[in-house]
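Numbering (this note's numbering), first residue to last: 10 to 194. We treat Cβ as the ideally placed atom computed from N, Cα and C, and that holds for glycine. Given the structure is predicted, the values throughout are model-derived calculations rather than measurements.
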């Protein structure tokens, strides 16, 4: 939703039904007077307080039991509509929109580190608070594999920078220790 500003005043959709989708839909109401949440089921999985806020918002509507079959672009390449399919009847429909935000869940690609690095129950790598350091010296985690809260490009870049600086320091300290040993100090 960090791109929400680019859709100021435009009709947009959010695809999904969990906390992230509902939070994005609510956030987008700051930029768009017409936000539609499209969900494949007949009820949301988001927390009740978020559902209540969504349903009470005058700029948000919900399309239940729908999936997106195709994103349709105009001649200029910009999104103009979605081809939808009703999950219960199979009926197809066209929905006009100028922007689409997909929020159908997140799963960090951390399978490779299972049993090697500490993870939370969702598979995100655990780091020392405020740093990209894992429990293994010289191993750093950054970006969406350790950030289950913000998941934004700017925060991923920030933690990437932190990890690079910490890795550089770690390697410099090891080089210094090797030089010290070589000199017999």
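Query: CB-CB length for residue 156 against residue 165, believed under 8 Å; Result: 7 Å
Query: Proximity below 7 Å, CB of residue 134 to CB of residue 158; Result: no
Query: Proximity to residue 78 [Cα-Cα], best of 104, 92, 88, 68; Result: 92
Query: Pairwise C-alpha distance: residue 44 and residue 57; Result: 19 Å
Query: Length of the line joining the Cα atoms of residue 96 and residue 112; Result: 18 Å
Query: The segment 126-133 touching the segment 38-52, judged by at least three CB pairs closer than 8 Å; Result: no
Query: Buried/exposed call for residue 53, threshold 16 Cβ in 10 Å; Result: buried
Query: Euclidean distance between Cα positions of residue 25 and residue 81; Result: 19 Å
Query: Uninterrupted beta strand (DSSP E) stretches inside the segment 53-134 (no shorter than 3 residues); Result: 69-72, 75-82, 88-95, 101-105, 108-111
Query: Other residues of its chain near residue 59: CB distance less than 7 Å, five sequence neighbours each side excluded; Result: 28, 31, 32
Query: From 69, 102, 191, residue whose alpha carbon lies closest to that of residue 39; Result: 69
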